[in-house]
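Visitor: This is the structure I want to talk about, given as structure tokens.
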Amino acid sequence: MELKKRILRMVALVFILTVSFFIVITLLQSKLIFVPERLPADYAFALADHEEEHFFETVDGERLNAIWSRAPGDSRATVLYFHGNAGSLRTWKEVASDFTALGLDTFIIDYRGYGKSSGRLSEAGLYHDAQAAWDYLLAKGLLPADIVIYGRSIGTGVASELAANVDAARALILESPFTSLVALAKELNPFLLPGLLLRFRFDNATKLPRAQMPILLVHGARDGLIPASHSHKLHPPTTQRSPAFWRPSAERSSVTTYAMFSFCLGRGYNFHWWNFQRWKFHQWK
201 MELKKRILRM
211 VALVFILTVS
221 FFIVITLLQS
231 KLIFVPERLP
241 ADYAFALADH
251 EEEHFFETVD
261 GERLNAIWSR
271 APGDSRATVL
281 YFHGNAGSLR
291 TWKEVASDFT
301 ALGLDTFIID
311 YRGYGKSSGR
321 LSEAGLYHDA
331 QAAWDYLLAK
341 GLLPADIVIY
351 GRSIGTGVAS
361 ELAANVDAAR
371 ALILESPFTS
381 LVALAKELNP
391 FLLPGLLLRF
401 RFDNATKLPR
411 AQMPILLVHG
421 ARDGLIPASH
431 SHKLHPPTTQ
441 RSPAFWRPSA
451 ERSSVTTYAM
461 FSFCLGRGYN
471 FHWWNFQRWK
481 FHQWK
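Here the sequence shown is numbered in the numbering used here, starting from 201 and rising by one per residue.
Okay, here's the thing in structure tokens:
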């Protein structure tokens with residue numbers, strides 16, 4: 201009888217610990233996925249003459265911060281850039297130089313809860329942020345055909361949602377994308393039951409076919425966090441209008457926009473922001 205009681209107590213303890221563990225994972229998952237850097241409201245960015253700080257509001261009343269970097273001379277397009285899961289505009293604004301060097305203006309936003317932007321993180325909230333940024337650019341006089349939607353890492357989920365729900369932009373570029381956050385989580389930690397517990401889905405695979413614009417996928421074949429196989433899986437639904445590039449020697453941090461486009465330009469590819477559909481499928485070897 202005493203042994204039976206001990207076994208029951210042990211089973212109950214294991215059950216309680218297991219349930220508690222999954223409750224904690226569910227409640228804290230946003231902190232595990234997102235690593236925002238918060239900045240004081242009076243934080244002053246070190247801006248060059250061609251950079252401007254902007255603020256705009258979302259449909260649910262949040263105030264978002266952005267930096268608009270202008271290219272020298274006449275701009276070929278404006279890149280609407282959705283950054284990765286960590287940091288803030290304090291560091292992310294530096295990527296604009298890769299684009300401005302190519303004659304592209306760049307509008308980089310901080311999501312809600314990042315930098316000087318207000319609000320708390322949620323998947324629906326991030327989609328509101330993307331739509332608000334798009335609407336802000338249109339209100340400033342840009343046309344959809346003037347805008348290149350660009351997402352990196354977690355930002356690919358934000359960019360794909362926007363691209364699936366707006367008039368045709370000039371192009372959609374996804375750097376280190378995943379098929380869905382659930383699929384990625386299953387590969388990394390299948391025992392956590394991400395399909396059941398994960399609140400953030402970011403299902404790129406179902407959204408890309410709805411994007412009515414040329415699509416470019418970029419991935420480092422040695423990416424240690426998001427395997428390049430995700431880009432391979434994303435490519436087939438849009439093969440007729442989406443080139444894809446892999447760098448076998450490249451890890452996640454070394455797949456830079458400037459290096460990639462310099463490679464394309466140097467090899468004589470037909471590089472036209474307004475004519476991505478003329479590109480064909482290439483794999484770097």
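Cβ atoms here follow ideal geometry from the backbone N, Cα and C, with glycine treated the same way.
1. Which whole runs of the alpha helix (DSSP H) in the region 230-306 are 4 residues long or more, in chain order?
2. Does the distance from the CB of Ala369 to the CB of Ile349 come in under 8 angstroms?
3. Using a Cβ-Cβ cutoff of less than 7 angstroms, which residues in the same chain neighbour Ser288 once the five nearest sequence positions on both sides are dropped?
4. Can you find at least 3 beta carbon pairs, one from the region 357-368 and one from the region 288-297, that sit closer than 8 angstroms?
5. Taking the alpha-carbon of Ile415 as reference, which of Ile347, Arg422, Gly424, Val382 has the nearest alpha-carbon?
6. So what does DSSP say about Ile354, is it helix, strand or coil?
7. Confirm, please, whether the CB-CB distance from Arg352 to Glu375 is below 8 angstroms.
8. With distance defined between alpha-carbon atoms, name the residue in Thr258, Ile308, Arg422, Lys293 nearest to Phe282.
9. Would you kindly work out how many angstroms separate the C-alpha atoms of Ser297 and Met210, rounded to a whole number?
10. With DSSP as the reference, label Ile308 as helix, strand or coil.
11. Can you tell me where the beta strand (DSSP E) holding Gly315 begins and where it ends?
12. On the DSSP bridge assignment, give the partners of Ala371 in chain order.
13. What is the DSSP secondary structure of Leu415, counted as helix, strand or coil?
14. Which residues in the same chain as Leu434 place their Cβ atom closer than 7 angstroms to its Cβ, once the five residues preceding and following it in sequence are excluded?
15. Taking Cβ to Cβ, would you say Ala411 is nearer than 8 angstroms to Ala421?
16. Nearest CA to the CA of Ala301: which residue from Arg320, Val279, Gly284?
17. With Gly341 as the anchor, note down where its alpha helix (DSSP H) starts and where it stops.
18. What three-state label does DSSP hand Arg320 in the structure shown?
19. Do we get a CB-CB distance below 8 angstroms when we pair Ala371 with the residues of chain B?
20. Alpha helix (DSSP H) containing Thr406: first to last residue?
21. Alpha carbon to alpha carbon, how far is Ser317 from Asp242? Give it in angstroms, no decimals.
22. Here's a check: name, in chain order, each residue in its chain whose Cβ is nearer than 6 angstroms to the Cβ of His254, leaving out the five neighbours to either side.
23. Hey, could you find the ends of the alpha helix (DSSP H) His435 is sitting in?
Guide: Concretely, from the data shown:
1. 289-292, 296-300
2. yes
3. Pro236, Glu237, Leu239, Asp310, Tyr314, Gly315
4. no
5. The closest CA to that of Ile415, considering only Ile347, Arg422, Gly424, Val382, is found on Ile347.
6. Helix, per DSSP.
7. Between Glu375 and Arg352, the C-beta spacing is below 8 angstroms.
8. Ile308
9. 59 angstroms
10. strand
11. Segment: none, Gly315 is in no beta strand (DSSP E) and carries neither H nor E.
12. Val348
13. The sequence given here has Ile at residue 415, not Leu. If DSSP states are grouped into helix, strand and coil, Ile415 belongs with the strands.
14. Pro377, Thr379, Asn404, Ala405, Leu408, Leu417
15. Not in contact: Ala411 and Ala421 (Cβ atoms no closer than 8 angstroms).
16. Val279
17. Premise fails: Gly341 is in no alpha helix (DSSP H) and is neither H nor E.
18. coil
19. Absent from the structure: chain B. Only one protein chain is present.
20. 404-407
21. Distance between Asp242 and Ser317, taken at the CA atoms: about 12 angstroms.
22. Ala266, Trp268
23. From DSSP, His435 is part of no alpha helix (DSSP H); its letter is neither H nor E.
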